[in-house]
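Undergrad:
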Amino acid sequence: MKKNLTLTLALVAALLPAACTPYLDMTPSDRVSEKTIWAETRSAEYAINYLYTYIWDLNAAPTSLGLTEALTDELKYTSYNYNALCYLPSEMAYGGSVLTDTYVDAYLGYWGTLYTAIRRINADLSYLKAYGTMEEAEHTRLEGELRFLRAYMYFELTKRYKDVILYREDLGEITKDKAVSREADAWALVAEDLRFAADALPVAAAARGRIDRGMALALTTRAMLYAERYGEVIAAADKLAALGYALEDNYADAFTKTLAQGNREAILQYSFDLANGITHSFNFYYTPGGDYTVNSATGGGYGVPTQEMVESYELATGGFPDWSPWHAEGGTTATPPYALLEPRFHATILYNGAPWKGRRIEPYVGGTDGWAEWRTEKEPKGRTVTGYYLRKLVDENYDVNTSGSSQPFTFLRYAEVLLNKAEACYRENDETGANALVRQIRARAGLPYTDCSGMALWEAIRQERKVELAYEGLRYWDLRRWKTAANAWPDGLAGYQQHGFKITRSGDTFTYQYVSVDDRDRTFPEKMYRFPMPAGELNSNNLVDQYPEWK
128 MKKNLTLTLA
138 LVAALLPAAC
148 TPYLDMTPSD
158 RVSEKTIWAE
168 TRSAEYAINY
178 LYTYIWDLNA
188 APTSLGLTEA
198 LTDELKYTSY
208 NYNALCYLPS
218 EMAYGGSVLT
228 DTYVDAYLGY
238 WGTLYTAIRR
248 INADLSYLKA
258 YGTMEEAEHT
268 RLEGELRFLR
278 AYMYFELTKR
288 YKDVILYRED
298 LGEITKDKAV
308 SREADAWALV
318 AEDLRFAADA
328 LPVAAAARGR
338 IDRGMALALT
348 TRAMLYAERY
358 GEVIAAADKL
368 AALGYALEDN
378 YADAFTKTLA
388 QGNREAILQY
398 SFDLANGITH
408 SFNFYYTPGG
418 DYTVNSATGG
428 GYGVPTQEMV
438 ESYELATGGF
448 PDWSPWHAEG
458 GTTATPPYAL
468 LEPRFHATIL
478 YNGAPWKGRR
488 IEPYVGGTDG
498 WAEWRTEKEP
508 KGRTVTGYYL
518 RKLVDENYDV
528 NTSGSSQPFT
538 FLRYAEVLLN
548 KAEACYREND
558 ETGANALVRQ
568 IRARAGLPYT
578 DCSGMALWEA
588 IRQERKVELA
598 YEGLRYWDLR
608 RWKTAANAWP
618 DGLAGYQQHG
628 FKITRSGDTF
638 TYQYVSVDDR
648 DRTFPEKMYR
658 FPMPAGELNS
668 NNLVDQYPEW
678 K
């Protein structure tokens with residue numbers, strides 16, 4: 128917790144002008160009146176800066192051990208130690224005793240965090256309205272930032288809980304007891320706030336890192352998919368395209384280049400500064416275990432890709448390879464077709480023999496990176512349990528033994544917007560438009576595409592979302608949104624086990640043995656389409672009741 132707190136304060140500092148520090152300029156409101164803070168632009172911006180950290184907190188799983196990909200077929204956490212942070216997502220994928228309001232809220236829900244943010248945003252909106260004496264254009268821009276932030280928080284709430292409590296009043300009108308509103312009303316508020324923000328915010332913020340029009344439009348395309356307001360998705364995507372966003376030529380650049388380096392695809396991105404100590408911990412958790420030469424017992428390999436994810440990638444020439452020879456009992460010495468797979472695979476997953484930091488990855492028994500049998504060894508300590516490591520989002524240019532991580536994290540990018548629009552076009556029976564967008568995404572990867580229709584087109588859209596957006600925190604929520612998560616795998620998340628390769632070496636020969644990395648089938652209970660209301664809200668609010676699925 129101390130590390131995360133330090134990180135969020137550093138991010139606040141990163142959002143401020145270089146000459147400022149949050150400790151000096153973000154004067155607590157108990158020392159300076161709200162009237163003083165909200166009277167002029169600069170101090171009002173300082174107050175809003177703190178709210179930006181909530182976006183990071185809701186997406187900070189990459190720097191901890193909370194990737195929701197562990198609840199899907201994409202990622203396996205290697206530790207089976209009850210005290211390890213990664214134990215919870217592993218157990219949650221099996222259902223059972225950890226599916227309680229306490230655990231679900233801690234790992235997935237964030238009810239209290241979101242409402243804390245909303246109450247603060249509403250308070251700031253009331254202060255801005257009452258005390259803001261800046262020019263009208265600046266007043267409108269600041270209101271746009273606040274309403275974007277409120278829309279973001281209500282988006283995150285509504286996608287989790289559906290019917291939620293809506294607070295949009297001034298501070299004095301907020302009461303402890305308030306009933307939930309219909310899901311449709313919540314989406315209406317999100318849409319209203321985002322429309323205002325898109326109109327009020329500049330195309331490019333004067334200060335790097337501040338919320339701008341592109342962020343509001345991009346979030347609209349994501350949120351309105353959940354709301355099933357597909358026309359609004361398409362309209363927002365078209366407006367965003369007119370602002371000059373584009374796909375990077377190289378897939379990896381989309382999530383490694385910073386905005387300062389000219390990333391045309393990143394829309395909402397957090398950047399870091401190693402020189403000034405503004406870092407995160409992603410490399411510590413996810414880099415190959417062999418990268419650690421000082422203390423190899425403590426870092427790397429906490430979460431690793433699965434064979435199911437590997438088999439989601441096509442050949443570079445199109446179509447899928449036949450993996451059945453590598454599923455054979457007893458294993459095979461045949462080399463898997465890694466070299467033949469499409470570029471996004473090589474930018475996302477490290478495999479046996481893959482180049483990395485001037486060496487070759489050795490995810491085999493006794494290799495530099497190593498392999499461990501899942502659950503038999505409760506703390507693999509850097510070794511993989513699947514034969515793979517993450518490459519995407521991991522930065523190979525830093526020495527994890529001596530420094531923190533400073534690669535950027537992009538939470539909204541243009542490729543997602545195109546796929547959001549493709550899905551909306553499909554839902555609106557515009558198959559021509561949907562095909563064109565899928566083709567555009569695949570063209571960047573050098574993959575062929577033949578137009579299709581009906582369910583074949585729907586599967587093509589789903590496939591591209593899985594591969595293009597892998598490990599970006601979207602797949603679990605997509606499957607919930609589509610109401611397919613409770614279906615049998617591969618359509619959903621039920622009735623299957625994750626797999627990997629146990630790789631052994633004899634001289635120059637490798638044997639690949641297909642092994643399960645689960646001890647029981649995974650599941651997705653229907654009730655998880657809506658998370659439970661936390662006990663704290665039920666106990667303090669007399670006008671709410673637990674959601675029907677959780678009674």
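First residue of the sequence shown: 128, per the numbering used here; consecutive thereafter.
For glycine and all other residues, C-beta sits at the position ideal for the given N, C-alpha and C.
#1: By the DSSP assignment, the beta strand (DSSP E) with Val642 in it spans what residues?
#2: For the putative contact between Pro482 and Gly573, defined by C-beta atoms under 8 Å, what is the C-beta separation to the nearest angstrom?
#3: Give the secondary structure of Trp501 by DSSP, where H, G and I count as helix, E and B as strand, and everything else as coil.
#4: State the DSSP-derived secondary structure class of Leu202, mapped to helix, strand or coil.
#5: Between the C-alpha atoms of Ile405 and Gln534, what's the straight-line distance to the nearest angstrom?
#6: Compute the beta-carbon to beta-carbon distance between Ala327 and Arg268, rounded to the nearest angstrom, for a pair I have assumed lies under 8 Å.
#7: Using only the alpha-carbon positions, how far apart do Lys366 and Glu441 sit?
#8: By Cβ distance, which residues of its chain are closer than 7 Å to Thr495, with the 5 residues on each side in sequence left out?
#9: So, at 8 Å on beta carbons, what are the nonlocal neighbours of Gly430 in its own chain, with the 5 sequence-adjacent residues on each side left out?
#10: Hey, is the region 621 to 638 in contact with the region 460 to 468, meaning 3+ C-beta pairs nearer than 8 Å?
#11: Going by C-alpha distance, which of Ala311, Leu241, Gly446 is nearest Leu467?
#12: Can you tell me whether Ala354 is buried or exposed, with buried defined as 16 or more other CB within 10 angstroms of its CB?
#13: When DSSP labels each residue in this structure, what does Trp625 get in the three-state scheme?
#14: Does the region 332 to 347 come close enough to the region 307 to 323 to have 3 or more Cβ pairs within less than 8 Å?
#15: Kindly give me the distance between the Cβ atoms of Ala712 and Asp251, rounded to whole angstroms, as I take these residues to be in contact under 8 Å.
#16: Which residue wins for smallest C-alpha separation from Leu584, given the options Leu601, Ser217, Arg566, Glu595?
#17: Alpha carbon to alpha carbon, what distance is there between Ile182 and Met261?
#18: Could you work out which residue in Ala220, Tyr237, Arg295 is closest to Ala612 when comparing CA atoms only?
#19: Reducing DSSP to helix, strand and coil, say where Ile405 ends up.
#20: Using a Cβ-Cβ cutoff of less than 8 Å, which residues in the same chain neighbour Glu283 once the five nearest sequence positions on both sides are dropped?
#21: In the DSSP assignment, find the unbroken alpha helix (DSSP H) run with Gly581 in it and report its ends.
#22: Using the C-alpha atoms, what's the distance from Glu435 back to Arg649?
#23: Given Ser217, which residues of its chain have a CB within under 6 Å of its CB, disregarding the five upstream and five downstream residues?
#24: For Thr475, which option in Tyr541, Val492, Glu595, Glu550 has the closest C-alpha, if you only look at C-alpha atoms?
#25: Looking at the structure shown, is Ser532 part of a helix, part of a strand, or coil, going by DSSP?
#26: Measure how close the beta-carbons of Trp165 and Tyr254 come, nearest whole angstrom, since I'm counting them as under 8 Å.
#27: Should Met351 go down as buried or exposed, given a rule of 16 or more other Cβ atoms within 10 Å for buried?
#28: Look at the alpha carbon of Trp450 and the alpha carbon of Val437, and state the distance between them as a whole number of angstroms.
#29: I need the straight-line Cα distance from Arg554 to Gly560, nearest angstrom please.
#30: In whole angstroms, what is the alpha-carbon distance linking Tyr397 and Leu273?
#31: If we ignore side chains and look at the alpha-carbon of each, how far apart do Phe658 and Ser530 end up?
#32: Based on DSSP bridge pairs, tell me the residues matched to Thr459.
#33: Using three-state DSSP, classify Ile292 as helix, strand or coil.
#34: What does DSSP give as the partner residue(s) for Ile476 in the beta ladder?
#35: Please check the pair Ile630 and Gly514, which I expect to be a contact at CB under 8 Å, by giving their CB distance rounded to whole angstroms.
#36: How far does the alpha helix (DSSP H) with Pro216 in it reach, from first residue to last?
TA: On the basis of the coordinates in this document:
#1: As a first step, residue 642 must be located in the sequence shown, where it is residue number 515. Annotation for Val642: the continuous beta strand (DSSP E) segment containing it runs 636 to 643.
#2: Position 355 of the sequence shown, counting from 1, holds the residue named residue 482. Position 446 of the sequence shown, counting from 1, holds the residue named residue 573. The C-beta distance from Pro482 to Gly573 rounds to 19 Å, too long to meet the 8 Å contact threshold.
#3: Position 374 of the sequence shown, counted from the first residue, corresponds to residue 501. Strand at Trp501.
#4: As a working note, residue 202 is residue 75 in the sequence shown. Here Leu202 sits in strand by DSSP.
#5: As a working mapping, residue 405 is identified with position 278 in the sequence shown. As a working mapping, residue 534 is identified with position 407 in the sequence shown. Rounded to whole angstroms, Ile405 to Gln534 spans 11 Å at the Cα level.
#6: Locating residue 327 in the sequence shown gives position 200, counting from the first residue. Locating residue 268 in the sequence shown gives position 141, counting from the first residue. About 6 Å; that satisfies the 8 Å criterion.
#7: To locate residue 366, count along the sequence shown from 1; it is residue 239. To locate residue 441, count along the sequence shown from 1; it is residue 314. The straight-line gap from Cα to Cα measures roughly 32 Å.
#8: To locate residue 495, count along the sequence shown from 1; it is residue 368. Correct list, in chain order: Gly417, Glu489.
#9: Here residue 430 refers to the residue found at position 303 when the sequence shown is read from its first residue. Excluding the 5 residues flanking it on each side, Gly430 has same chain C-beta neighbours closer than 8 Å at Leu192, Leu194, Glu196, Ala197, Leu202, Lys203, Tyr204, Thr205, Cys213, Tyr412, Tyr413, Leu517, in chain order.
#10: Yes, they touch.
#11: The sequence position of residue 467 within the sequence shown is 340, counting from 1. In this structure, Gly446 is the residue among Ala311, Leu241, Gly446 with its C-alpha nearest to the C-alpha of Leu467.
#12: Along the sequence shown, one-based indexing puts residue 354 at 227. With 16 or more Cβ atoms within 10 Å of its Cβ, Ala354 is classed as buried.
#13: Counted from its first residue, the sequence shown places residue 625 at position 498. This sequence places Gln at residue 625; Trp is not what is there. Gln625 sits in coil when the DSSP states are folded into three classes, being neither helix nor strand.
#14: Result yes; three or more Cβ-Cβ pairs closer than 8 Å.
#15: Here the chain comprises residues numbered 128 to 678, so residue 712 is not present and cannot be evaluated.
#16: Stepping through the sequence shown from its first residue, residue 584 is reached at position 457. If we check each option's Cα against that of Leu584, Arg566 comes out closest.
#17: On the sequence shown, residue 261 is found 134 positions in, with the first residue counted as 1. On the sequence shown, residue 182 is found 55 positions in, with the first residue counted as 1. Going by the C-alpha atoms only, they are around 26 Å apart.
#18: Working through the sequence shown from its first residue, we reach residue 612 at position 485. Comparing Cα positions, the closest option is Ala220.
#19: The residue you call residue 405 lines up with position 278 of the sequence shown. Strand at Ile405.
#20: The residue you call residue 283 lines up with position 156 of the sequence shown. Within the same chain, Leu185, Tyr237, Leu241 come within 8 Å of Glu283 by CB-CB distance, once the 5 residues on both sides are set aside.
#21: Mapped onto the sequence shown, residue 581 falls at position 454. Residues 581 to 595.
#22: Stepping through the sequence shown from its first residue, residue 649 is reached at position 522. Stepping through the sequence shown from its first residue, residue 435 is reached at position 308. Spanning the two alpha carbons is a distance of roughly 13 Å.
#23: Locating residue 217 in the sequence shown gives position 90, where the first residue counts as 1. The residues are Tyr204.
#24: Counted from its first residue, the sequence shown places residue 475 at position 348. The residue with the shortest Cα to Cα distance from Thr475 is Glu595.
#25: For the purposes of this step, residue 532 is taken as residue 405 along the sequence shown, with counting starting at 1. Of the three classes helix, strand and coil, the one that applies to Ser532 here is strand, per DSSP.
#26: Numbered from 1 along the sequence shown, position 38 holds the residue referred to as residue 165. Numbered from 1 along the sequence shown, position 127 holds the residue referred to as residue 254. About 4 Å separates the two Cβ atoms, so the contact holds.
#27: By one-based count along the sequence shown, residue 351 stands at place 224. A residue is called buried when at least 16 other Cβ atoms come within 10 angstroms of its Cβ; Met351 meets this threshold and is buried.
#28: Translated into positions along the sequence shown, residue 450 becomes position 323. Translated into positions along the sequence shown, residue 437 becomes position 310. Rounded to whole angstroms, the gap between the alpha carbons of Trp450 and Val437 is 10 Å.
#29: Residue numbering aside, residue 554 sits at position 427 when the sequence shown is read from its first letter. Residue numbering aside, residue 560 sits at position 433 when the sequence shown is read from its first letter. In a straight line, the C-alpha of Arg554 is about 11 Å away from that of Gly560.
#30: In the sequence shown, the residue the question calls residue 397 occupies position 270. In the sequence shown, the residue the question calls residue 273 occupies position 146. Rounded to the nearest angstrom, the two C-alpha atoms are 18 Å apart.
#31: The sequence position of residue 658 within the sequence shown is 531, counting from 1. The sequence position of residue 530 within the sequence shown is 403, counting from 1. So the alpha carbons of these two residues sit roughly 38 Å apart.
#32: If you number the sequence shown from 1, residue 459 lands on position 332. Note: Thr459 is bridge-paired with Tyr639 in the DSSP secondary-structure output.
#33: Numbered from its first residue, the sequence shown carries residue 292 at position 165. The answer is coil: DSSP assigns Ile292 none of H, G, I, E or B.
#34: Taking the first residue of the sequence shown as 1, we reach residue 476 at position 349. Beta-bridge pairing links Ile476 to Leu517.
#35: Numbered from its first residue, the sequence shown carries residue 630 at position 503. Numbered from its first residue, the sequence shown carries residue 514 at position 387. Indeed they touch by this definition, with Cβ atoms about 5 Å apart.
#36: Translated into positions along the sequence shown, residue 216 becomes position 89. Counting along the chain, the unbroken alpha helix (DSSP H) around Pro216 starts and ends at 214 to 219.
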